[in-house]
Every structure is written in C-alpha cells, then in structure tokens.
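Structure, as structure tokens:
Numbering (our numbering), first residue to last: 580 to 699.
See the structure below:
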C-alpha cells in the first residue's frame with residue numbers, strides 16, 4: 580500500500596515540476612500551448628510517461644510533441660533538484676487524445692440524434 584502511495588506522490592510531483600519547467604524554461608518555437616495532464620511512473624522508478632494535451636491542429640500537436648521529446652533529457656535535469664529520489668526516472672512524453680475521442684463521440688451522438696426518424 581505504501582508503495583502505491585509513494586508512486587502517486589512521485590507522479591504528482593513529476594507532473595507539477597514538468598509543467599513548471601515547460602512553462603518557464605523551454606523556449607522552443609515548435610512548442611505550442613501544452614497542458615500536462617498526468618504522469619505515470621513505473622514501479623521500479625526507471626521511467627515516467629508524461630501525458631500532455633496540445634492545442635492546435637495535428638501538425639501543431641506533432642511539432643510540440645517533437646519539441647518536448649527533444650527536451651526530455653534537459654527537463655529531467657531541470658526537475659532533478661526538486662525530487663527527493665536517488666535515481667531520477669527517464670522522462671517520455673505522449674499525446675493524450677481523450678479530448679479528441681470525446682469530441683468524436685459527441686459528433687457521433689449529434690449525428691444519431693439528427694438521423695433518428697420523427698415520431699419515435
């Protein structure tokens with residue numbers, strides 16, 4: 580139980596520190612409006628996957644993701660002093676498509692309502 584609580588605290592701290600570092604310390608022109616949604620650290624603390632959402636079209640999202648991925652090592656070093664861990668996990672970014680899927684479901688539901696025959 581305490582191990583899972585520890586992992587949750589590590590995830591939360593990494594998410595917060597990565598979000599601060601992106602906002603304050605990254606100046607890559609490819610970087611758009613990025614929101615850090617969450618972090619999931621492996622139980623052995625070797626790797627953390629950071630889920631991000633990026634505003635914009637597909638090209639802008641891919642460019643922002645490429646900028647984040649190229650800065651993974653830099654961001655890892657930036658957050659290192661703020662984490663009380665012997666080993667700092669490798670940071671990996673992935674796009675979170677939850678909002679895209681939600682939008683698609685809403686569109687499908689709206690189409691279904693429009694296509695429903697009158698009188699039913």
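Cβ atoms here follow ideal geometry from the backbone N, Cα and C, with glycine treated the same way.
> Is it the case that the Cβ atoms of residue 633 and residue 613 are separated by a distance below 7 Å?
Replying inline: If you number the chain shown from 1, residue 633 lands on position 54. If you number the chain shown from 1, residue 613 lands on position 34. With respect to residue 613, residue 633 sits close: the two C-beta atoms are nearer than 7 Å.
>> With distance defined between alpha-carbon atoms, name the residue in 671, 605 and 636 nearest to residue 679.
In response: Working through the chain shown from its first residue, we reach residue 679 at position 100. Measuring from the Cα of residue 679, the nearest candidate turns out to be 636.
> Going by C-alpha distance, which of 610, 625 and 598 is nearest residue 617?
Replying inline: Sequence index remark: in the chain shown, residue 617 carries index 38 (1-based). Ranking the options by Cα distance to residue 617, first place goes to 598.
>> Pull the bridge partners of residue 672 from the DSSP assignment, please.
In response: Residue numbering aside, residue 672 sits at position 93 when the chain shown is read from its first letter. Residue 672 is bridged to 629.
>> Assuming residue 594 and residue 615 are in contact, meaning their beta carbons sit under 8 Å apart, how far apart are those beta carbons, in whole angstroms?
In response: Within the chain shown, the letter at position 15 stands for residue 594. Within the chain shown, the letter at position 36 stands for residue 615. That belief holds up - the Cβ atoms of residue 594 and residue 615 are roughly 6 Å apart, short of 8 Å.
> Are the C-beta of residue 680 and some C-beta of chain C separated by less than 7 Å?
Replying inline: In the structure shown, chain C cannot be found, because there is only a single protein chain.
> Near residue 675, which residues of its chain fall below 8 Å by C-beta distance, leaving aside the five closest residues on each side in sequence?
Replying inline: By one-based count along the chain shown, residue 675 stands at place 96. Counting only Cβ-Cβ distances below 8 Å, and skipping sequence neighbours, we find 616, 617, 630, 631 and 632.
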